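*Asks:* Protein sequence lines correspond, in order, to chains E and W.
Those letters in the first sequence? Residues 1 to 115, per our numbering, in order.
Those letters in the second sequence? Residues 1001 to 1115, per our numbering, in order.
2 protein chains.
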Amino acid sequence: MDTYKQVIVMRKFPSLRKGKYIAQGCHASLGAYHQADKKDILYWAASGYTKIVVYVDSLEKLSDLAGDCGNANIPCYLVEDAGRTEFPVPTFTALGIGPARSEDIDKITGHLPLF
Amino acid sequence: MDTYKQVIVMRKFPSLRKGKYIAQGCHASLGAYHQADKKDILYWAASGYTKIVVYVDSLEKLSDLAGDCGNANIPCYLVEDAGRTEFPVPTFTALGIGPARSEDIDKITGHLPLF
């Protein structure tokens, strides 16, 4: 049987509280969940809601990945922090991908390091 | 109008990868979301899915908070990591609370430090 997962791509910043990273990751996770295919969500639930967290070090890479997901027709959600607390201006911070077939997501994020 | 939020309580560990914290936080967020009242979810969406991440330093405190939520009838979800990767045994790692009225959650987690 195919395995399913959700991948959270975090944009790394020179200094950011852990809690802020977690909140951004949660936005990405829930945002992508809302975009996902209902059947994929059921398969994902059956496999224990696997979540993998990786990172990139630039906005370009983050938005390229969002584009790659769009081209591959994989649901994703790009998080923009409003810039009211830790960031001085609105800032893209994370990308949630899936849940979707692991094999499909791996083509896009398989090369990224674990966070 | 009442404000709504979700609070993620992380259990702090001496050393744990950031990505592992984020994944646990996302489990807590989605798990609590699934328990939440549908109307509260709509109010929460309208207020921009506010998420606050705080921490405790022991399992006792984490499970006490889960009990407090139960007593106050606030939806919550306690995350148990299966212990297959970074933890040697199954381990409770985080508690997702709400979305629910900020005022109600604050009675339970208002004293906890930001993570």
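The beta carbon of each residue, even a glycine, is placed where N, CA and C say it ideally should be.
Remember, predicted model here, so these are calculated numbers, not experimental data.
1. Roughly how many angstroms separate the alpha carbons of E/R17 and E/F87, rounded to a whole number?
2. Closer than 8 Å, Cβ to any Cβ of chain E: which residues of the stretch 1068-1097 of chain W, in chain order?
3. For a minimum of 3 consecutive residues, which ranges assigned as the beta strand (DSSP E) are wholly contained in the stretch 1030-1096 of chain W?
4. Compute the Euclidean distance between the alpha carbons of W/A1045 and W/T1109, then round it to the nearest angstrom.
5. Could you name the residues of the same chain whose beta carbon sits closer than 7 Å to that of E/P113, not counting the 5 residues immediately before and after it, in chain order?
6. Interface residues of chain W around E/L114 at Cβ under 8 Å?
7. Taking contact to mean 3 or more Cβ pairs, one atom from each stretch, closer than 8 Å, check whether the stretch 1065-1082 of chain W and the stretch 1023-1039 of chain W are in contact.
8. Quick one, which residues of the stretch 35-59 of chain E are near chain W if we go by CB-CB under 8 Å, in chain order?
9. Would you mind working out which of W/P1014, W/T1003, W/I1105, W/F1115 sits nearest W/G1070, comparing C-alpha positions?
10. Measuring only the C-alpha atoms, how far is E/L65 from E/T3?
11. Under the rule that 16 or more other beta-carbon atoms within 10 Å means buried, what is W/V1089, buried or exposed?
12. Does any CB atom of chain E fall closer than 9 Å to the CB of W/Y1033?
13. In whole angstroms, what separates the C-alpha of W/E1060 from that of E/K51?
*Replies:* Checking against the coordinates, here is how it stands:
1. On the first sequence, position 17 is the one that residue 17 of chain E refers to. On the first sequence, position 87 is the one that residue 87 of chain E refers to. Spanning the two alpha carbons is a distance of roughly 11 Å.
2. Within the stretch 1068-1097 of chain W, the residues whose Cβ lies closer than 8 Å to any Cβ of chain E are, in chain order, A1082.
3. 1051-1056, 1076-1081, all fully within the stretch 1030-1096 of chain W.
4. In the second sequence, counting from the first residue as 1, residue 1045 of chain W sits at position 45. In the second sequence, counting from the first residue as 1, residue 1109 of chain W sits at position 109. W/A1045 and W/T1109: Cα-Cα distance of roughly 21 Å.
5. Within the first sequence, numbered from 1, the residue matching residue 113 of chain E stands at position 113. Excluding sequence neighbours, E/P113 sits near V54, Y55.
6. The sequence position of residue 114 of chain E within the first sequence is 114, counting from 1. Here the neighbours are R1017, G1019.
7. The stretch 1065-1082 of chain W makes contact with the stretch 1023-1039 of chain W: 3 or more CB pairs, one atom from each, lie closer than 8 Å.
8. Under the 8 Å Cβ criterion, the stretch 35-59 of chain E contributes G48, Y49, K51, I52, V53, V54, Y55.
9. The residue labelled residue 1070 of chain W in the question sits at position 70 within the second sequence. Nearest C-alpha to W/G1070: W/I1105.
10. What you label residue 65 of chain E is simply residue 65 of the first sequence in a count that begins at 1. What you label residue 3 of chain E is simply residue 3 of the first sequence in a count that begins at 1. When rounded, the distance between both Cα atoms is 21 Å.
11. Start at 1 with the first residue of the second sequence, and residue 1089 of chain W comes out as number 89. That one is exposed.
12. Mapped onto the second sequence, residue 1033 of chain W falls at position 33. True, the Cβ-Cβ gap to chain E drops below 9 Å.
13. Position 60 of the second sequence, counted from the start, is the residue given in the question as residue 1060 of chain W. Position 51 of the first sequence, counted from the start, is the residue given in the question as residue 51 of chain E. Taking the straight line joining both Cα atoms gives about 26 Å.
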